[in-house]
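Engineer: Number 57 in UniProt numbering belongs to position 57 of the sequence shown; there are no gaps in the numbering.
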Amino acid sequence: SLIAGYGSTQTAGYGSTLTTGYGSTQTAQENSSLTTGYGSTSTAGYSSSLIAGYGSTQTAGYESTLTAGYGSTQTAQERSDLVTGYGSTSTAGYASSLIAGYGSTQTAGYESTLTAGYG
1 SLIAGYGSTQ
11 TAGYGSTLTT
21 GYGSTQTAQE
31 NSSLTTGYGS
41 TSTAGYSSSL
51 IAGYGSTQTA
61 GYESTLTAGY
71 GSTQTAQERS
81 DLVTGYGSTS
91 TAGYASSLIA
101 GYGSTQTAGY
111 ESTLTAGYG
């Protein structure tokens, strides 16, 4: 299932769901779910879930969950869970959990848990 606005470039793999706004570039791999706003660039890996606001750059690895606000840059590696607010830059390593507020910069390593406030 693929729903996209004008001026966008999208690729939806087998069994995936992709919904985006205009001017975005998205890739949803097999069995993944990807939802983003306009002007975003995102890649959702196999069996992953990615939800992000407009103007964001996101990568969700295999079986990961990534939720982020607008204007953010996020990378969720394999089997990780990443949730952040707008304007943040975060990386969640393999099998890690990262939760952070807006305007923050965070890195959670392999099998770690990181929770941080805004800024």
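For glycine and all other residues, C-beta sits at the position ideal for the given N, C-alpha and C.
#1: If you reduce the DSSP assignment to three classes, tell me which class residue 49 lands in.
#2: Checking the sheet assignment: what are the DSSP bridge partners for residue 58?
#3: Looking at C-alpha atoms only, which residue of 34, 41, 48, 97 is the closest neighbour of residue 73?
#4: Spatial neighbours of residue 111 within its chain, please: CB distance less than 8 Å, with the 5 preceding and 5 following residues excluded, ordered by chain position.
#5: Taking the alpha carbon of residue 68 as the reference point, which residue from 6, 34, 45, 78 has its own alpha carbon closest?
Structural biologist: Reading off the structure:
#1: To locate residue 49, count along the sequence shown from 1; it is residue 49. Strand at residue 49.
#2: Indexing the sequence shown from 1 puts residue 58 at position 58. Residue pairing by DSSP places residue 58 opposite 42, 74 in a beta bridge.
#3: Mapped onto the sequence shown, residue 73 falls at position 73. For residue 73, the closest C-alpha among the options 34, 41, 48, 97 is that of 41.
#4: Taking the sequence shown and counting its residues from 1, the one referred to as residue 111 is at position 111. Excluding residues within five positions, the ones whose Cβ falls inside 8 Å are 93, 94, 95, 96.
#5: Within the sequence shown, the letter at position 68 stands for residue 68. Comparing Cα-Cα distances from residue 68 to each of 6, 34, 45, 78, the minimum goes to 34.
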